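Notes follow once the structure below has been shown.
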Amino acid sequence: MNLETVRSEFKKHFDNTDGFVYASPGRINLIGEHTDYNGGFVFPGAIDKGIIAEIKLNGTDKVRAYSIDLKDSVEFGLNEEDLPTQGWAKFLFGVCREMIKRGVEVTGFDTAFAGDVPLGAGMSSSAAIESTYAFALNELFADSKIDKFELAKIGQATEHNYVGVNCGIMDQFASIFGKEGHLIRLDTRSMEYQYFPFDPKGYKVVLLDSVVKHELASSAYNKRRKSCENAVAIIQKKHPHVEFLRDCTMEMLNESKNEIDSEDYLRAEYVIEETQRVLDVSDALELGDYETVGKKMYETHHGLSKLYEVSCEELDFLNDCAKKCGVTGSRLMGGGFGGCTINIVKEELYDNFIETTVKAFKEKYERNPKVYDVVISDGARRLA
Ligand code: GLA
């Protein structure tokens with residue numbers, strides 16, 4: 001992410017003047033995967049990779065946007081029927097529309113943006129765009145009156161209504177609320193959250209990107225969500241207070257096992273177990289017990305792979321390599337179907353882990369996995 005590049009591209013592309021500059025990050029998630037649309041807990045943190053956007057009002061009723069990375073321009077109006085065709089522009093349009101739906105008078109602006117969150121790697125490049133523009137439009141058009149939760153919800157609603165992914169709130173929440181050096185445990189039912197200092201002394205946190213992108217990831221994601229809702233609907237018959245899988249125990253799930261579709265059962269089993277794992281990891285973090293954190297991460301990977309079925313061969317391979325190299329914790333991160341594993345590794349094992357895994361992956365898949373060291377950083381903000 002480079003502020004100077006965005007500044008100079010904005011000048012070149014528009015009328016040679018300066019606007020305001022905003023930034024929002026991508027995220028990691030320590031544990032709590034696919035729990036955020038089940039009323040459960042998540043444990044994300046913002047990272048040092050994100051989106052930078054420059055914005056200036058243009059006195060018209062049109063948005064003129066330029067993606068510096070894609071070298072692609074678009075112009076769109078602000079009414080519902082003006083939805084642009086380019087995928088990247090839908091995020092921007094969606095944020096404008098969701099603002100307008102909340103009574104904000106958005107008018108035309110010029111904007112250029114660039115980012116360094118790897119696309120499709122499970123690090124939430126889309127939330128980074130949404131949060132950048134939600135934060136910016138709030139300052140420019142709403143006197144910053146919209147609170148931070150609502151900004152996150154604007155990003156989430158953009159995914160639901162303009163992108164077609166029925167995502168939870170984790171990514172947008174992390175991108176808005178991120179804090180340097182801290183992970184955030186969020187209860188997605190009550191929306192209570194707590195910052196946890198995250199400085200695992202003697203360990204490194206590293207992402208290994210399989211560079212696999214699953215074409216059907218969003219429909220598979222929506223299907224997982226539906227399975228969870230199906231299971232809840234059946235359990236509710238016996239337990240009317242149950243609102244989410246978060247409220248269910250394995251006993252409750254098993255009581256209705258015969259009525260629940262076998263695939264939906266596996267999905268629900270994973271979510272119920274994962275909800276408990278996040279709580280176990282919180283306790284372990286308070287004690288600085290990274291061995292327990294790591295053990296839970298391996299359990300999560302197993303569940304995501306065998307019960308939730310959102311892994312892929314390459315991610316399972318990376319997870320296996322980690323285990324063989326004595327890595328403390330490893331699991332696939334984010335929605336799945338490709339993307340990264342997140343690994344907590346003892347410093348003295350780091351070099352060997354990376355070297356061995358990159359070599360083995362290359363031999364098997366004839367390409368290099370990418371390696372990203374994790375730096376936990378701040379959330380959405382104005383840069384200039
Ligand atoms: C994607 C979604 C999130 C969350 C994760 C899985 O990143 O955007 O809301 O559901 O997948 O934990």
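Each residue of the sequence shown is one higher than the one before, counting from 1 in our numbering. Backbone N, C-alpha and C define an ideal beta-carbon position, used for all residues, glycine too. The structure displayed is predicted, hence computed values, not measured ones.
Residue from the options with nearest C-alpha to residue i
{"i": "R382", "options": "Y133, F361, I146", "result": "Y133"}
{"i": "K153", "options": "F141, A142, Q172, E180", "result": "Q172"}
{"i": "Q194", "options": "S126, I47, T341, H182", "result": "H182"}
{"i": "T275", "options": "A380, L30, V104, A217", "result": "L30"}
{"i": "L253", "options": "E269, P25, S126", "result": "E269"}
{"i": "I342", "options": "K359, E363, R97, D320", "result": "D320"}
{"i": "F76", "options": "K62, W88, D316", "result": "K62"}
{"i": "I51", "options": "G334, G108, G26", "result": "G26"}
{"i": "A112", "options": "R7, N352, G288, E263", "result": "R7"}
{"i": "E263", "options": "A46, S227, Q236, L3", "result": "S227"}
{"i": "G120", "options": "V211, I169, E243, D351", "result": "V211"}
{"i": "E309", "options": "I100, F141, G336", "result": "G336"}
{"i": "P369", "options": "I344, E348, G164, F317", "result": "F317"}
{"i": "M250", "options": "Y265, D72, K11, M99", "result": "Y265"}
{"i": "T188", "options": "K364, E9, Y22, G32", "result": "G32"}
{"i": "N2", "options": "H13, I235, I68, D15", "result": "I68"}
{"i": "V232", "options": "E80, S218, E255, A217", "result": "E255"}
{"i": "T158", "options": "C312, F93, A217", "result": "F93"}
{"i": "F10", "options": "K49, F41, I55", "result": "I55"}
CB of residue i within 9 Å of CB of residue j, strictly
{"i": "K179", "j": "I376", "result": "yes"}
{"i": "N230", "j": "D261", "result": "yes"}
{"i": "F109", "j": "L57", "result": "yes"}
{"i": "R338", "j": "E314", "result": "The question names Arg, but residue 338 is Gly in the sequence shown. In contact: G338 and E314 (Cβ atoms closer than 9 Å)."}
{"i": "R267", "j": "L307", "result": "yes"}
{"i": "G19", "j": "R246", "result": "no"}
{"i": "S175", "j": "A380", "result": "yes"}
{"i": "L186", "j": "D280", "result": "no"}
{"i": "G334", "j": "G122", "result": "yes"}
{"i": "Y66", "j": "Y203", "result": "no"}
{"i": "V163", "j": "S125", "result": "no"}
{"i": "A53", "j": "A23", "result": "yes"}
{"i": "T357", "j": "L208", "result": "yes"}
{"i": "T5", "j": "A114", "result": "yes"}
{"i": "C340", "j": "Y298", "result": "no"}
{"i": "R64", "j": "E80", "result": "no"}
{"i": "S282", "j": "F198", "result": "no"}
Alpha carbon of residue i to alpha carbon of residue j, nearest angstrom
{"i": "F43", "j": "L285", "result": "11 Å"}
{"i": "V374", "j": "H160", "result": "29 Å"}
{"i": "H34", "j": "V327", "result": "24 Å"}
{"i": "A103", "j": "K323", "result": "The amino acid at residue 103 is misidentified as Ala; the sequence shows Gly. C-alpha separation (whole angstroms): 52 Å."}
{"i": "H302", "j": "K145", "result": "43 Å"}
{"i": "R225", "j": "V117", "result": "25 Å"}
{"i": "V205", "j": "I28", "result": "10 Å"}
{"i": "S190", "j": "V95", "result": "24 Å"}
{"i": "K257", "j": "E130", "result": "40 Å"}
{"i": "T410", "j": "E192", "result": "In the structure displayed, the chain extends from 1 to 384; residue 410 sits before or after that span and is not available."}
{"i": "S330", "j": "N166", "result": "26 Å"}
{"i": "A46", "j": "D378", "result": "6 Å"}
{"i": "F149", "j": "E105", "result": "20 Å"}
{"i": "G87", "j": "E348", "result": "43 Å"}
{"i": "M99", "j": "Y350", "result": "45 Å"}
{"i": "K201", "j": "D72", "result": "43 Å"}
{"i": "V345", "j": "V21", "result": "36 Å"}
{"i": "T107", "j": "A384", "result": "21 Å"}
{"i": "E273", "j": "T292", "result": "15 Å"}
{"i": "F141", "j": "F135", "result": "10 Å"}
{"i": "E243", "j": "Q236", "result": "8 Å"}
{"i": "L287", "j": "G168", "result": "29 Å"}
{"i": "D147", "j": "T85", "result": "30 Å"}
{"i": "C325", "j": "S219", "result": "35 Å"}
{"i": "T304", "j": "D82", "result": "At residue 304 the sequence reads Leu, which differs from the Thr that was named. Cα to Cα, L304 sits roughly 39 Å from D82."}
{"i": "K362", "j": "S311", "result": "19 Å"}
{"i": "G155", "j": "E139", "result": "16 Å"}
{"i": "T300", "j": "D15", "result": "51 Å"}
{"i": "F41", "j": "L70", "result": "35 Å"}
{"i": "H239", "j": "M170", "result": "27 Å"}
{"i": "H214", "j": "K364", "result": "19 Å"}
Write down every uninterrupted run of the alpha helix (DSSP H) in the segment 315-370 whose length is 4 residues or greater and which is fully enclosed by it, in chain order. Fully enclosed alpha helix (DSSP H) runs of 4 or longer: 347-365.
Uninterrupted beta strand (DSSP E) stretches inside the segment 98-145 (no shorter than 3 residues): Counting only runs of 3+ residues, the beta strand (DSSP E) found wholly inside the segment 98-145 occupies 109-115, in chain order.
Under a criterion of Cβ closer than 5 Å to any non-hydrogen atom of the ligand GLA, which residues qualify, in chain order? The set of residues with any CB-heavy atom separation to the ligand GLA below 5 Å comprises, in chain order, E33, H34, D36, C167, G168, M170, D171, G334, G335.
Uninterrupted beta strand (DSSP E) stretches inside the segment 34-77 (no shorter than 3 residues): For the segment 34-77, the continuous beta strand (DSSP E) assignments of 3+ residues that do not extend past its boundaries occur at 44-57, 62-67, 72-77, in sequence order.
Entirely enclosed beta strand (DSSP E) segments - the segment 181-219, minimum 3 residues: List check, beta strand (DSSP E) in window: 182-187, 193-197, 203-213.
Scan the segment 233-312 and note each continuous alpha helix (DSSP H) run of 4 residues or more that stays entirely inside, going in chain order. Every alpha helix (DSSP H) stretch that sits fully inside the segment 233-312 and reaches 4 residues is listed by chain position as 250-255, 262-286, 290-306.
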